[in-house]
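This is the structure:
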């Protein structure tokens, strides 16, 4: 089915979801495959024709988006801090600051919005809820 392949490709390349048979060894700096883990009725499984992502896989995708959002916001905040560290306090610097104030407010708002999105994504984390409370 082309739907299965499309969902699998999107889950892997857009969302960062890896198939269960794929593992990465940081010690060897290489990926390995253990096909005994390629099970389940989902698009990433070689042994089935399933095309729907499990709740666990949806949870992993949501967590990947959360991590990406947090990392991006950290990068933006650190970039702003580095710029502030290099600036000297002076009347001329304040005038320059006032001309760039709208850009800084826009960057600040983008970080705040990113954290709001992260807060919303946590609602999508089904697996942890089902694991602890049994559904």
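Residue numbers (the numbering used here): 952 to 1086.
For each residue, glycine too, the CB sits at the ideal point set by N, CA and C.
Ranked by Cα distance from residue 971, the first of 959, 978, 1069 and 980 is 959.
Approximately 7 Å separates the beta-carbon atoms of residue 1003 and residue 993; this is inside 8 Å, confirming the contact.
Taking the CA atoms as reference points, residue 1044 sits about 34 Å from residue 1068. Among the bridge pairs identified by DSSP, residue 1050 is matched with none. The three-state secondary structure of residue 973, taken from DSSP, is strand. Annotation: residue 1051 to residue 1058 spans about 11 Å, alpha carbon to alpha carbon. Counting only runs of 4+ residues, the alpha helix (DSSP H) found wholly inside the region 952 to 1037 occupies 953 to 964 and 1006 to 1037, in chain order. Residue 1068 carries a helical assignment under DSSP once its states are collapsed to helix, strand and coil.
Separation of the CB atoms of residue 989 and residue 998 is rounded to 6 Å, and the pair is thereby assigned contact status at 8 Å.
With fewer than 16 other Cβ atoms inside 10 Å of its own Cβ, residue 1056 counts as exposed.
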